[in-house]
Structure formats: structure tokens, C-alpha cells
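Its first residue numbered 33, the sequence shown is counted upward by one per residue in the numbering used here. Beta carbons: idealized from backbone N, C-alpha and C, even for Gly. Computed from a predicted structure; not experimentally measured. Take a look at the structure below.
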Amino acid sequence: MKKVLSVIVVITFFTLQLSAQSWNYVSSTGTSFILFGMSFPPSQSTIGYACGMQYTYDADGVIVKTTDGGNNWTAILPTSGAIDGLQGIWFISETLGFAGGWNNYFIKTTDGGNTWVPTTCGSNVWYYVDVEFWDSSNGVAAGSMNSSSDQSVFITSDGGNTWVSATSGTNVNIMGICYADQNTLFAVGTSGNVIKSTDGGHNWNVSATLPAMLFGLDFADASFGVVGGEEKMFATNDGGTTWSTYTTGYENFYAALAYDNGTAYVGGTDENIYVTTDFGANWSFEHNGPGQSHLYRIREVESSALFACGSQGTIITREAQFNANFSSDVDSVCAGNAVNFTDLSVGAITSWNWIFEGGTPSTSTDENPTIIYNSIGIYDVSLEVSDGTNISTEIIQDMITVLEDPSAPDQPAGDSILCAGVTVDYTTQPVSGADTYFWEVDPSSAGNISGTGTTGTFESDNSFTGTYTIKVKANNMCGYGPWSQELNCTLNMTPQAFELSEGGGYCSGDPGIEITLDGSEIAVTYELFLDGSTTGIIVDGTGNPISFGIQSSQGIYTVTGTTGICAENMVGTPYIFVEFIPEAGYTPEGPDTVCSGSMTDYTTQPIFAADTIYWNLYPADAGTILGSGENISIDWNPTFAGLASLTTNGSNNCGIGNESIPLEITILSQPEPEVNGPSMVCDEDEAEYTTYENLGSSYDWTVTGGEITSGNGTHMITVLWGSHGLGMVQVSENIGQECLVTSGEFQVTIDDCTNIDELIATNLTIYPNPVKDALKLSFTIAKMESYSIKIQTLLGRNIKTINGIGKGSIETYIIKTNNMINGRYIVNITTESGANIHEHFVLVK
Numbered sequence: 033m034k035k036v037l038s039v040i041v042v043i044t045f046f047t048l049q050l051s052a053q054s055w056n057y058v059s060s061t062g063t064s065f066i067l068f069g070m071s072f073p074p075s076q077s078t079i080g081y082a083c084g085m086q087y088t089y090d091a092d093g094v095i096v097k098t099t100d101g102g103n104n105w106t107a108i109l110p111t112s113g114a115i116d117g118l119q120g121i122w123f124i125s126e127t128l129g130f131a132g133g134w135n136n137y138f139i140k141t142t143d144g145g146n147t148w149v150p151t152t153c154g155s156n157v158w159y160y161v162d163v164e165f166w167d168s169s170n171g172v173a174a175g176s177m178n179s180s181s182d183q184s185v186f187i188t189s190d191g192g193n194t195w196v197s198a199t200s201g202t203n204v205n206i207m208g209i210c211y212a213d214q215n216t217l218f219a220v221g222t223s224g225n226v227i228k229s230t231d232g233g234h235n236w237n238v239s240a241t242l243p244a245m246l247f248g249l250d251f252a253d254a255s256f257g258v259v260g261g262e263e264k265m266f267a268t269n270d271g272g273t274t275w276s277t278y279t280t281g282y283e284n285f286y287a288a289l290a291y292d293n294g295t296a297y298v299g300g301t302d303e304n305i306y307v308t309t310d311f312g313a314n315w316s317f318e319h320n321g322p323g324q325s326h327l328y329r330i331r332e333v334e335s336s337a338l339f340a341c342g343s344q345g346t347i348i349t350r351e352a353q354f355n356a357n358f359s360s361d362v363d364s365v366c367a368g369n370a371v372n373f374t375d376l377s378v379g380a381i382t383s384w385n386w387i388f389e390g391g392t393p394s395t396s397t398d399e400n401p402t403i404i405y406n407s408i409g410i411y412d413v414s415l416e417v418s419d420g421t422n423i424s425t426e427i428i429q430d431m432i433t434v435l436e437d438p439s440a441p442d443q444p445a446g447d448s449i450l451c452a453g454v455t456v457d458y459t460t461q462p463v464s465g466a467d468t469y470f471w472e473v474d475p476s477s478a479g480n481i482s483g484t485g486t487t488g489t490f491e492s493d494n495s496f497t498g499t500y501t502i503k504v505k506a507n508n509m510c511g512y513g514p515w516s517q518e519l520n521c522t523l524n525m526t527p528q529a530f531e532l533s534e535g536g537g538y539c540s541g542d543p544g545i546e547i548t549l550d551g552s553e554i555a556v557t558y559e560l561f562l563d564g565s566t567t568g569i570i571v572d573g574t575g576n577p578i579s580f581g582i583q584s585s586q587g588i589y590t591v592t593g594t595t596g597i598c599a600e601n602m603v604g605t606p607y608i609f610v611e612f613i614p615e616a617g618y619t620p621e622g623p624d625t626v627c628s629g630s631m632t633d634y635t636t637q638p639i640f641a642a643d644t645i646y647w648n649l650y651p652a653d654a655g656t657i658l659g660s661g662e663n664i665s666i667d668w669n670p671t672f673a674g675l676a677s678l679t680t681n682g683s684n685n686c687g688i689g690n691e692s693i694p695l696e697i698t699i700l701s702q703p704e705p706e707v708n709g710p711s712m713v714c715d716e717d718e719a720e721y722t723t724y725e726n727l728g729s730s731y732d733w734t735v736t737g738g739e740i741t742s743g744n745g746t747h748m749i750t751v752l753w754g755s756h757g758l759g760m761v762q763v764s765e766n767i768g769q770e771c772l773v774t775s776g777e778f779q780v781t782i783d784d785c786t787n788i789d790e791l792i793a794t795n796l797t798i799y800p801n802p803v804k805d806a807l808k809l810s811f812t813i814a815k816m817e818s819y820s821i822k823i824q825t826l827l828g829r830n831i832k833t834i835n836g837i838g839k840g841s842i843e844t845y846i847i848k849t850n851n852m853i854n855g856r857y858i859v860n861i862t863t864e865s866g867a868n869i870h871e872h873f874v875l876v877k
């Protein structure tokens with residue numbers, strides 16, 4: 033491990049310990065205005081400039097200058113009257129400088145600030161926010177434009193003599209701009225966008241969008257940069273692709289300064305300054321301000337001293353740090369080669385004293401020496417620097433490692449007898465100074481060996497048999513060392529993997545299934561295994577397909593081919609098992625009473641060992657089976673009525689199983705209900721209506737124009753008719769599941785029976801009732817009124833009809849009943865004018 037020792041020594045031999053240096057306030061700043069910009073000419077620690085204005089918005093401007101290293105500042109502009117406010121200033125030499133501000137105010141000096149003249153930079157600029165140069169020729173200025181469609185960056189390549197507008201990407205509100213290298217620039221604004229140019233500022237694109245309004249930035253190079261924003265600071269070390277964030281909670285940050293060693297400063301609200309030394313991974317307080325103003329710029333001078341400026345004419349400074357530091361272009365080198373050392377010391381260094389252990393020369397007073405190392409080993413390097421007053425020494429122990437070609441590794445270790453096609457590792461012991469190792473197999477047709485460490489992985493070729501060797505050599509930056517001693521090895525034939533025949537099931541009582549291999553090799557024996565245990569069947573290879581005979585034991589069969597040294601499992605694992613005819617079927621489940629002409633569903637359980645389920649309907653003409661498997665439907669024959677049976681059984685390639693216990697099904701004929709009864713009735717009179725009676729049927733009557741007084745649910749009802757008009761009688765007959773039929777509508781005329789009431793209603797007499805042999809009727813019909821007397825069954829069937837002409841007086845008829853059967857009957861008298869009256873009688877013999 034490298035160790036670093038840093039010491040600062042005063043010539044008077046007092047030892048000083050480096051610590052964070054404090055920031056000091058400059059009492060004489062020459063103004064109380066807000067100082068937005070600051071610039072020190074190149075290679076200058078004495079002369080510097082700052083610019084600003086009285087308020088934050090379109091106020092009077094000022095430029096102040098120091099000539100004593102920042103201890104005192106005096107106003108140099110305006111010399112009289114007032115000027116527009118300024119926000120950016122930059123000097124490219126001790127005499128040539130530029131400043132920009134409000135109302136398109138852009139000025140130039142060529143005599144170190146003694147005189148200033150307006151110069152043209154951009155057009156239609158509301159105010160300039162910043163100006164910065166990369167070198168004496170190339171510079172940029174950024175502004176806030178009167179039109180949002182205008183580009184807000186202007187570029188010069190001739191030291192500020194002429195300026196051109198950016199081509200694209202800068203029609204945004206820019207708050208700060210800076211160079212990362214000659215061609216790469218970054219800018220930020222209140223939208224949170226970081227925009228980037230890689231062509232010197234002419235074209236810009238959004239590089240990132242950060243979660244804050246952004247106010248200031250600085251980049252040390254094309255990789256490392258920091259951005260200040262609203263309550264946050266951000267850092268990138270990959271050119272703006274990714275950013276780390278540090279949140280303080282309330283400050284806004286405008287001032288930024290970044291170094292390529294990962295150090296950066298950010299300042300803003302309350303004059304607070306934060307510092308990072310690890311590329312933004314961590315931040316700490318560098319300066320805890322009194323909270324009276326804001327900081328807008330941080331600049332470094334040639335001596336490494338820092339200056340920051342802000343509101344109320346504030347300027348604070350931190351003295352230059354002083355300590356030794358250095359680096360080398362490599363930390364490992366081959367004997368006889370050179371190492372380049374670079375001084376990274378901080379401070380106004382005036383002398384360097386190097387000591388190089390093991391190096392040639394062993395000492396140097398150059399700032400950046402080059403040293404030759406001829407002998408292998410690990411060596412320290414030390415540097416002592418002085419600024420004429422202080423001395424700082426840094427010693428880096430074990431900094432330089434000097435190498436030579438590595439020695440030969442030990443003979444590889446590993447299996448020397450292998451089967452073709454396998455993969456194995458060979459190893460060797462580490463060699464001092466080796467970085468990597470190179471492995472080789474000879475001949476190369478034996479396989480491939482890979483690996484760059486002390487382990488080489490050998491993938492043998494499955495088609496190669498014979499001898500081969502393995503060797504290894506070490507490598508480092510100085511080259512390859514000698515080969516190791518070879519390891520002699522043998523690669524034996526591995527049997528080829530042929531494919532086994534498929535297994536399957538065989539029916540109980542059959543001999544079994546033959547197992548075959550679709551190829552074989554001479555000098556290879558093939559052994560048959562059942563469930564991992566040998567069957568004792570071993571067959572010699574013939575160069576052709578081979579058979580292991582018919583096998584009847586149930587299980588998984590495998591075959592291994594072997595040469596006696598190398599073995600290989602054949603492809604396939606046939607499974608052989610015994611099949612039986614299916615078990616008896618299960619009794620179907622479903623309705624056991626159905627109606628002819630209907631369709632019903634039936635189901636059964638799976639039948640063990642059955643590939644197919646058969647459904648059997650007896651007699652076959654009872655219906656048609658629809659569907660298959662465990663669920664079917666039967667479309668019952670509309671002309672069939674009676675008993676049927678339904679069974680199931682299963683089948684497979686071994687046979688058909690027994691039928692199930694049958695499900696007995698009663699198929700009922702579809703009923704044909706028809707309403708019978710008088711079609712003409714008197715209002716407020718009762719009448720009986722019937723349909724054919726089927727045992728086991730239920731009946732549901734529907735009546736309009738009257739109400740059912742008795743018999744609902746049976747085949748005969750009594751209806752009390754209402755007021756005269758039209759009525760209707762309808763009946764539905766239900767016999768079992770899905771056997772429901774509704775009759776047609778039987779229309780009934782309800783008459784007020786005025787004629788009957790006046791002429792015959794009170795005079796109609798029937799007797800005897802019940803009757804045995806003859807029925808006597810007595811009634812009166814209006815004179816010359818035709819009438820008809822009908823004797824009807826309750827179903828409306830006509831038994832006898834007698835026609836006559838009314839006499840206007842009582843008439844008597846005797847109707848013989850000896851040829852009629854016992855039962856209930858109706859006497860119905862109807863006149864030609866539509867009058868109607870009826871009476872019931874019972875015949876009993």
C-alpha cells in the first residue's frame with residue numbers, strides 16, 4: 033500500500049500544520065453596489081476588476097479595480113455621471129478587457145481600465161449576464177433578450193473585435209455561462225436546464241434538467257463541473273451526463289469555482305461558501321457568512337488566492353494555500369524505462385528538490401523531471417518545495433514498482449486422462465510480478481483452453497482422441513516470460529449419444545414393448561437400466577441399430593454406452609407401463625322424467641383408464657344423443673313415449689369396459705289441452721269449463737271477463753262471468769319436467785240475456801234432477817221466436833239437438849235419456865235473437 037506523508041516546514045525550523053484557511057473581508061472595496069462580476073488578468077495576482085450595479089434591476093453601474101493584490105479597490109467607472117448597470121466582466125490581458133450589462137451596454141478597454149468605449153457585441157439585448165474568454169482569441173457573452181426567439185449567446189474568435197450570434201439552442205433564459213475546454217461550454221438558467229455546446233458555442237443542446245432554478249456554474253474541464261441553484265448545488269464528473277445533488281435547505285447559490293482534482297467551491301446566500309474535495313460526493317462548510325449579503329462570483333488569482341464578490345460591495349478573500357504535491361504518469365515501469373513526474377504543489381513555488389530512490393538521476397531540481405529506473409524493486413519518491421519562505425515536503429512510499437519479464441510458471445496441474453468432450457480446469461502457482469497468464473493446448477485440434485489467470489479452462493473436442501499437452505506462461509507490462517514445463521495428457525474416445533426408442537403402454541396380457549437404440553459403435557458396450565438399476569442386459573455395439581428385447585416391467589429405462597474408460601448416456605428415457613381395459617362406467621346423472629320432443633342434459637364421472645366414453649340409449653329411437661365425453665344432451669323423439677334407459681362405458685386400445693347401471697327415464701307424451709264449455713253465457717251467471725284429464729298432470733287456468741270460483745288446478749273449473757262483453761278461457765297442462773303445453777284461447781261471449789230473463793228465465797224448469805230415464809223441460813219462448821235446445825256433455829260434446837218455434841206460452845218437452853251414460857250434462861237453450869240460458873242435470877241409472 034502506498035503511504036503519503038506531507039510536512040510544511042518554516043525556514044526558521046518551526047513546523048506548521050496545514051489546516052483550512054479562513055476567508056477575510058476586504059474593508060476598502062470602493063463601492064456599496066452589488067458586485068456581480070469579477071476578473072483577474074492571466075498570470076496576475078496584483079491587478080483585478082469587479083463590476084456591478086446599485087440594485088438588482090436596471091440600476092446605475094460601477095467598475096472597481098485593485099492594484100495591490102486585492103487589499104484595496106477603487107472605482108474607475110464611471111468617471112463622472114452614471115453608466116448602465118453591469119453584470120459581467122473579463123480581462124484577457126493586463127490591458128484588454130470587456131464588460132456587459134443592462135440596455136445592451138457592452139464596453140471595452142485597451143488601457144487597463146483607464147478608458148472604456150462602447151463596442152458592438154449582440155443586438156436586441158435587454159441585458160448581458162456574463163462574459164468569459166477561454167484564451168486571448170476565443171470568448172462568449174450571454175444575455176437576456178428582448179425577444180424570446182432570439183439566440184442569447186454571442187461568440188468571438190478574434191479577441192473581441194467581432195461577435196456572432198449562436199446558431200441554435202440558446203433562445204432560453206441564461207443566468208451563467210462557462211468554458212470547459214476550448215470547444216466545450218455549459219450554460220444554466222432558471223428553467224433548470226443545463227445546456228451544452230461542443231463547437232465553441234455556436235450550437236447548443238439540453239444536456240440535463242436539474243430539479244431547481246439554476247443561477248451559476250463552473251467547469252474545471254470537460255468532465256468535472258459544479259452548478260449552483262435554488263437551495264441546492266449539483267456536481268458532475270462525466271461531462272454533465274449524471275449529476276449528484278446536495279441540498280442545504282434555504283440558500284441560493286450563484287458563485288462557483290471548480291478544479292480538476294475534484295475540489296470545488298459554491299457560494300451564495302448569507303455569504304456562505306461550501307467546499308467539496310471528492311468531485312461533489314460530499315460537501316462541507318468552507319465559510320459561514322454573517323448573513324448580510326449574497327455572493328455572485330468566486331475567482332482564483334495566479335498565486336492561488338481566492339476572491340469572492342457580492343452585494344453591498346462585499347469582497348472576501350482567502351490567502352493562497354501552500355503544500356507539496358505531485359503525481360507520476362505511471363506507478364509501474366519495466367527496468368530501463370522512464371517515469372514522468374508532475375509537480376502539483378499549491379502556492380507560489382520557487383524551488384523543487386526531488387529524491388528518487390532507485391532512480392537515475394536519484395535527485396532533481398526540475399519542476400517536472402523524467403527519471404530512469406534500471407533495477408527491479410519498489411521505491412519511494414519525495415518532493416520538497418519552497419516559496420522562499422515556507423518549505424513543504426511530500427513523501428510517497430512504495431510509489432514506483434520496477435518490473436522485469438516474469439519467470440516461468442510451475443507445470444500445470446490437473447487431470448491427465450480425460451474423455452473427449454469434457455471440460456476441466458488446469459492450474460499453476462502465481463508468478464511474482466505477473467499480471468496475466470497465457471495458456472496453450474497442443475495440438476489445437478484437441479480442444480480450446482481459455483483463461484488469463486492461474487486457472488485455464490480446457491474444453492476438449494469430442495471428436496479428438498489421442499495425446500495432447502498443456503502449458504502456460506506469465507505476462508506483465510514488460511512482456512511474456514518463458515513457458516512452463518508441459519503437462520502430458522490423453523484424450524480418450526467418448527461414446528456417441530444415440531437415441532432410444534419411445535416407450536408407452538401395453539395391454540395386460542401382451543408381452544411388452546421392445547426397446548431399441550437407433551445406432552451403436554464397435555468397441556462400445558451398451559447397458560440397459562430400469563429406474564436407475566441395471567437390468568443385466570448388456571449389448572455389444574455393432575455399428576448399426578441394436579435391440580434390448582421386449583421389456584414388460586413398468587418404469588423408466590435408460591442406456592449407458594461405455595468403452596471401459598469413458599461412458600455416455602444415450603438420448604431418451606422411455607417409460608413402459610401396463611394398460612387395462614377401462615372400469616365399468618358410472619350411472620348417468622340427469623332428469624329421470626322428461627317430455628317427448630324436449631332436450632335434456634346428462635353427465636357422468638370420468639371412467640378410469642378410458643380414452644373414450646360411450647353413451648348408450650335404449651331403445652335407440654327414444655331420442656338422439658348430442659355431444660361426447662362426460663357431458664351430453666338428448667333430443668327426445670316427439671313421437672316416443674314410455675320408458676328408456678341410459679348407460680355409459682369406456683374404451684381404450686385394450687378394449688371396451690362394462691356398461692354402467694342404467695338410468696331409467698320416463699318419457700311422457702306432450703299433452704294437448706283443449707278448453708271445452710259454453711261459448712255464449714249470460715252475465716253474472718256461472719258456467720263450467722273442462723279439458724281432457726290426464727293422470728299425473730297439473731292444470732293452470734287463465735280467465736278474462738270472469739273469475740274462477742272453483743276447480744283451479746284440476747281439469748274442470750267453474751267460472752262466474754262478469755258484465756256482458758267478450759271473455760276468454762285458457763288452460764296450461766304440465767306433465768313432469770319441461771312438459772308444459774298451453775291451449776289456445778277459448779273465446780266466450782258474455783250476453784246480458786235480456787230476452788231470456790223476460791221470456792224464459794223464470795219459467796225454465798228441468799225435472800227430475802237427478803234423472804233416470806227421461807228429462808222433462810218446461811219453458812216459455814216468445815211467439816214465433818226460433819230456438820234450439822242442445823243436450824251437451826261438460827266437455828261441450830253435443831248429445832241431442834231439438835229445434836222449435838216459440839208459442840208465447842209454456843211449452844213442455846220430454847227427452848229420453850236411456851241411451852245416455854251416467855254423468856253430468858248441460859241443457860242449453862239459444863234463441864235466434866241471441867238469448868241463451870242453460871241448466872245442469874245429473875243422469876243416474
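Cβ-based neighbour list, residue i, same chain, cut-off 8 angstroms, excluding 5 preceding and 5 following
i: residue 688; result: 613, 614, 646, 681 and 682
i: residue 792; result: Any reading at residue 792 must be qualified, since the residue scores a pLDDT of 45, below 50, and its modelled position is unreliable; no value is offered.
i: residue 378; result: 336, 352, 353, 354, 355 and 357
i: residue 794; result: Since pLDDT at residue 794 reaches only 42, below the 50 mark, its modelled position is unreliable, and the value read off the structure follows with that caveat. No residues qualify anywhere along the chain.
Environment of residue i [buried if 16+ CB atoms lie within 10 Å]
i: residue 142; result: exposed
i: residue 877; result: exposed
i: residue 815; result: exposed
i: residue 445; result: exposed
i: residue 739; result: exposed
i: residue 132; result: buried
i: residue 438; result: buried
i: residue 123; result: buried
i: residue 758; result: exposed
i: residue 57; result: exposed
Own chain, CB closer than 6 angstroms to residue i, minus 5 neighbours either side, in chain order
i: residue 540; result: 610 and 612
i: residue 254; result: 212, 213, 216 and 271
i: residue 517; result: 443
i: residue 789; result: With a pLDDT of only 43 at residue 789, under the threshold of 50, the placement of this residue in the model should not be trusted, and no figure is reported.
i: residue 219; result: 206, 209 and 227
i: residue 415; result: 356, 358, 386 and 426
Close beta carbons around residue i, own chain, < 7 angstroms, minus the five adjacent residues each side
i: residue 401; result: 373 and 386
i: residue 549; result: 530, 532, 558, 577, 578, 591 and 602
i: residue 653; result: 669 and 672
i: residue 245; result: 222, 224, 261 and 262
For residue i, the nearest candidate out of the options (CA to CA)
i: residue 128; options: 183, 140, 136 and 190; result: 140
i: residue 826; options: 86, 724, 807 and 796; result: 724
i: residue 428; options: 194, 257, 359 and 406; result: 359
i: residue 230; options: 241, 200 and 224; result: 200
i: residue 675; options: 122, 623, 528 and 107; result: 623
i: residue 98; options: 81, 120 and 352; result: 81
i: residue 695; options: 718, 618, 239 and 178; result: 618
i: residue 857; options: 798, 585 and 258; result: 798
i: residue 625; options: 136, 642, 712 and 677; result: 677
Whole-Å CB distance - residue i paired with residue j, under 8 angstroms assumed
i: residue 342; j: residue 319; result: With 8 angstroms as the limit, residue 342 and residue 319 do not qualify as a contact, their Cβ atoms being about 12 angstroms apart.
i: residue 544; j: residue 582; result: 4 angstroms
i: residue 621; j: residue 635; result: 5 angstroms
i: residue 287; j: residue 248; result: 6 angstroms
What runs of the beta strand (DSSP E), each 3 residues or longer, lie entirely inside the segment 357-391?
358-360, 364-366, 369-375 and 383-388
Contiguous beta strand (DSSP E) assignments of at least 3 residues, all confined to the segment 691-760
695-700, 712-714, 718-722, 730-736, 738-742 and 748-753
At which residue ranges does the segment 133-190 contain complete alpha helix (DSSP H) runs of 4 or more residues, listed in the order of the chain?
none
In the segment 460-531, which residue ranges form an unbroken beta strand (DSSP E) of at least 3 residues, counting only runs that do not cross its ends?
468-474, 479-482, 487-492, 498-508 and 519-524
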